[in-house]
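Number of protein chains: 2
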Amino acid sequence: MDTLETRELRYFVTVAEELHFSRAAERLGIAQPPLSRAIQQLERRLGVTLLERDRRGVALTDAGRVLLDEARVLLDSVAAVARRTQRAASAPNRLTLATKAGANHDLLRKLLDAHAAEPDAAEIEVVLCGMGDQARMLRDGRADVAFMQRPFDALVGFDTEELLTEQQVAILPAEHPLAARTSLTLADIADVPGLPVARWPNQDGTYEPGPGPEINDLSQLAQLIALGHTSAVLCASSRSWLWSAHVAVPLTDAPHVTTVLAWPAHSRSQAVARLVKTAVNL
Amino acid sequence: MDTLETRELRYFVTVAEELHFSRAAERLGIAQPPLSRAIQQLERRLGVTLLERDRRGVALTDAGRVLLDEARVLLDSVAAVARRTQRAASAPNRLTLATKAGANHDLLRKLLDAHAAEPDAAEIEVVLCGMGDQARMLRDGRADVAFMQRPFDALVGFDTEELLTEQQVAILPAEHPLAARTSLTLADIADVPGLPVARWPNQDGTYEPGPGPEINDLSQLAQLIALGHTSAVLCASSRSWLWSAHVAVPLTDAPHVTTVLAWPAHSRSQAVARLVKTAVNL
DNA sequence: GCTCGGTGATACCGCCCAGGTATCACCGCT
DNA sequence: AGCGGTGATACCTGGGCGGTATCACCGAGC
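If you read the sequences in order, they're chains A and B. For reference, each letter of the first sequence is one residue, going 1228 to 1509 in my numbering. For reference, each letter of the second sequence is one residue, going 1228 to 1509 in my numbering.
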């Protein structure tokens, strides 16, 4: 058995996602017959049935589900390899750091200052991204390192270095009665009439059902809190961007949040290693 | 830029390893001109110079070094994906667990017993491997889970669950004077005349220079210790395979060793998840 | 029941590109 | 100058990828 080609994997992933050869072929920009043949060849090569075709549709076998999961991250990795190689050539001494917009501003500032002070430090480009996008950016090579937060972000597959552990705080409208308290518990802010907790999207962009407003980024959140429409639970360093209409109250029973510096496993980049070293010594 | 094909990456890795087109072509079983062309095409596609060809040889550029590192693990991943898919099809409910021969025998026994007691538990095949082979076996898909040890094994790129933290002990010949002590320090056993500490191979199979014998596995080590020729530092659970000619003495200042259950990051295997759950509840 | 629409599989064809052979250009050594 | 050895180039061939046309099959309809 010689090795799989990425073209075959791309074809398979598309078919497995659509569960429909013709639609998959259209998405891939090829005709349906070559696609059927490519999948057959892939199955023959692996010696494994990946798709169960019966009347009325296509279904994944167990092995097919395994391959779908694995092939997706593999294709991400292929794209990542290409991008990292290109970046290594075009900007030999530059790193891209991804972080959630608004999070850990002070820490980031300290890290950048400390790193800039190092001799022949890499130039660092900061990319602000939405919730949970850092993992994707690391995986597909658009970023070299990222700020991520335990236990919120999935750190699996990355190498990490802990930077800072902090309490969480409730961000409340300044005029709300609860804002006068010096500390709160999660129970205190759950189900407060007229102040539902805001809901963040899941990985796939959907929202859990609930009373609170659906939000995408911190600016939306900030405004909704300032308007007195919602509250939120965030890590203590969020204080650095609070409005005067906001109040942050410590939560005694919320899990602590650890901010980590994360980078792709197996990275051998000198520049990443130097940045991590700087971060450790902060 | 469309995506890289694994064929191109295999070609590039071979050339980068040989730094010689003709030899690389021979290893790949193709002729030299198509190989030159393939590499040129890869460079054109990436828009990056990967190899510096001048008279008397080929050298990697910085970008080429990046691609070599990345492509190697990527090709491993491709092979892993194929193998895991095949295993998912041929043995739907079987897991392969890799562990260092001789290490953590009792813990393994407990895990296997507990797991066998679960309803519809996966069948578990235990593969014993040499030092540090577990990482490779997880990466290339020959194993689904592995016992690994911090801080010795590189856990980067894997998801892990801590199982057991234990002290390290010095394993000494029973007749040696130091064997009578109730505890030792690392300094005590370093540079003992006539009893040099055994040397394990590095990842690449080479050995650090030093006075002690070069060893590959625990049976070699056991015999050499029993003969009074060497000593070793191992985790406390190694006591389960000691000979009567061995004595284990606790080391007060050696770092503790944590045995973890490790599996490939992003694994979504139900069977792995169930085994991990069992392990956590041990 | 018949057609009709829609599925994936098959048959067949054309063309591109991977791979092979022969050769070149260039160099360091005798 | 000649030789051996490098990678690059030129050119040809063939297999495989992708295209069109069509089939086999099935469910849903007046």
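Yeah, the Cβ is synthetic: ideal placement off N, Cα and C, and Gly gets one too. All of these numbers come straight from a predicted model, not from anything done at the bench.
DSSP beta-bridge partners of residue i
| i | result |
| --- | --- |
| glutamine 1395 of chain B | B:Cys1462 |
| valine 1484 of chain B | B:Glu1393 |
| glutamate 1350 of chain B | B:Arg1321 |
| glutamate 1254 of chain B | The sequence as given places arginine at residue 1254 of chain B; glutamate does not occur at that position. Bridge partners of arginine 1254 of chain B: none, in fact. |
| phenylalanine 1385 of chain A | A:Pro1491 |
| methionine 1358 of chain B | Its beta-bridge partners do not exist; DSSP assigns none. |
| glutamine 1430 of chain B | DSSP lists no partner for glutamine 1430 of chain B. |
| arginine 1377 of chain B | B:Thr1485 |
| proline 1400 of chain B | B:His1473 |
| alanine 1286 of chain B | B:Glu1279 |
| glutamate 1441 of chain B | B:Arg1426 |
| valine 1293 of chain A | The partner list for valine 1293 of chain A (beta bridge, DSSP) is empty, contrary to what the question assumes. |
| valine 1372 of chain B | B:Leu1324 |
Residue burial classification, residue i (beta-carbon count within 10 angstroms, cutoff 16)
| i | result |
| --- | --- |
| alanine 1243 of chain A | buried |
| lysine 1327 of chain A | buried |
| leucine 1355 of chain A | exposed |
| tyrosine 1434 of chain B | exposed |
| glycine 1368 of chain B | buried |
| serine 1249 of chain A | exposed |
| alanine 1483 of chain B | Rather than alanine, the amino acid found at residue 1483 of chain B in this sequence is histidine. The residue in question, histidine 1483 of chain B, is exposed, as its Cβ has fewer than 16 Cβ neighbours within 10 Å. |
| aspartate 1360 of chain B | buried |
| serine 1317 of chain B | exposed |
| serine 1467 of chain B | exposed |
| threonine 1241 of chain B | buried |
| glutamine 1267 of chain A | exposed |
| tryptophan 1490 of chain A | buried |
| aspartate 1418 of chain B | exposed |
| aspartate 1370 of chain A | The residue you asked about is not aspartate; residue 1370 of chain A is alanine in the sequence shown. Flag for alanine 1370 of chain A reads buried. |
| aspartate 1431 of chain B | exposed |
| leucine 1246 of chain B | exposed |
| leucine 1454 of chain B | exposed |
| glycine 1384 of chain A | buried |
| aspartate 1380 of chain B | buried |
| threonine 1233 of chain A | buried |
| glutamate 1350 of chain A | exposed |
| leucine 1276 of chain A | The identity of residue 1276 of chain A in the sequence shown is threonine, whereas the question assumes leucine. Exposed: under 16 other Cβ atoms inside 10 Å. |
| glutamine 1497 of chain A | exposed |
| glutamate 1270 of chain A | buried |
| serine 1471 of chain A | exposed |
| arginine 1314 of chain B | buried |
N-terminal and C-terminal residue of the beta strand (DSSP E) that residue i is part of
| i | result |
| --- | --- |
| glutamate 1232 of chain B | It is not in any beta strand (DSSP E) - glutamate 1232 of chain B carries neither H nor E in the DSSP assignment. |
| proline 1477 of chain B | 1473-1477 |
| glutamate 1279 of chain B | 1278-1280 |
| valine 1275 of chain B | Neither: valine 1275 of chain B is in no beta strand (DSSP E) and is coded neither H nor E. |
Boundaries of the alpha helix (DSSP H) in which residue i is found, first to last residue
| i | result |
| --- | --- |
| arginine 1336 of chain A | 1332-1344 |
| glutamine 1497 of chain A | 1497-1507 |
| alanine 1449 of chain B | 1445-1453 |
| aspartate 1415 of chain A | 1413-1416 |
Residue i CB to nearest heavy atom of the ligand GTP below 6 Å
| i | result |
| --- | --- |
| glutamine 1394 of chain A | Inclusion of the ligand GTP in the displayed structure is not the case, the ligand content being empty and no account of it being possible. |
(request) Please confirm if the region 1293-1305 of chain B is in contact with the region 1301-1308 of chain A, defined as three or more CB-CB distances below 8 Å between the two stretches. (result) With the cut-off at 8 Å, the region 1293-1305 of chain B and the region 1301-1308 of chain A touch.
(message) So if I threshold CB-CB distances at 9 Å, which residues from the region 1313-1345 of chain A count as touching chain B?
(response) Flagged, chain order: Gln1313, Arg1314, Ala1315, Ala1316, Ser1317, Pro1319.
(request) Could you list the residues in the region 1292-1313 of chain A with a C-beta less than 7 Å from some C-beta on chain B, going in chain order? (result) Answer set for the region 1292-1313 of chain A: Val1293, Leu1294, Asp1296, Glu1297, Ala1298, Val1300, Leu1301, Ser1304, Val1305, Ala1306, Val1308, Ala1309, Arg1311, Thr1312, Gln1313.
(request) Report the residues of the region 1481-1493 of chain A with a CB closer than 7 Å to any CB of chain B, ordered along the chain. (result) Result list: Ala1492, His1493.
(request) Mind the definition here: the region 1459-1467 of chain B touches the region 1388-1405 of chain B only if three or more C-beta pairs lie below 8 Å; say whether that holds. (result) As far as the Cβ criterion goes, the region 1459-1467 of chain B touches the region 1388-1405 of chain B, which means the pair count is three or higher.
(message) Along the region 1386-1403 of chain A, where does the CB come closer than 9 Å to a CB of chain B? Name the residues.
(response) Residues passing the 9 Å Cβ filter: Asp1386.
(message) When you compare the region 1481-1501 of chain B with the region 1379-1394 of chain B, are there three or more beta-carbon pairs, one atom per stretch, that lie closer than 8 Å?
(response) Yes: the two stretches touch, three or more of their Cβ pairs being nearer than 8 Å.
(message) If the cut-off is 9 Å on Cβ atoms, which residues from the region 1262-1292 of chain A count as contacting chain B, listed in chain order?
(response) Listed in chain order, the positions of the region 1262-1292 of chain A with a beta carbon within less than 9 Å of a beta carbon of chain B are Arg1272, Leu1273, Gly1274, Val1275, Thr1276, Leu1277, Thr1288, Asp1289, Ala1290, Gly1291, Arg1292.
(request) Report yes or no: do three or more beta-carbon pairs, one from the region 1468-1480 of chain B and one from the region 1406-1414 of chain B, lie closer than 8 Å? (result) Enough Cβ pairs lie closer than 8 Å, so yes.
(request) Taking 8 Å as the threshold, find out whether the region 1255-1262 of chain A comes into contact with the region 1255-1269 of chain B through three or more Cβ pairs. (result) Result no; under three Cβ-Cβ pairs closer than 8 Å.
(request) Select from the region 1346-1357 of chain B all residues with a C-beta closer than 7 Å to any C-beta belonging to chain A, and list them in chain order. (result) Correct list: empty, as no residue qualifies.
(request) Taking a Cβ distance cut-off of 9 Å, strictly less, list which residues of the region 1237-1265 of chain B are near chain A, in chain order. (result) Result list: Arg1237.
(message) Whether or not the region 1325-1342 of chain A and the region 1498-1509 of chain A are in contact is what I'm after, with contact meaning three or more pairs of Cβ atoms, one per stretch, closer than 8 Å; do they touch?
(response) Touching, yes.
(message) Under 8 Å, CB to CB, which of the residues in the region 1445-1461 of chain B have a partner in chain A?
(response) So the list is empty, because no residue satisfies the distance condition.
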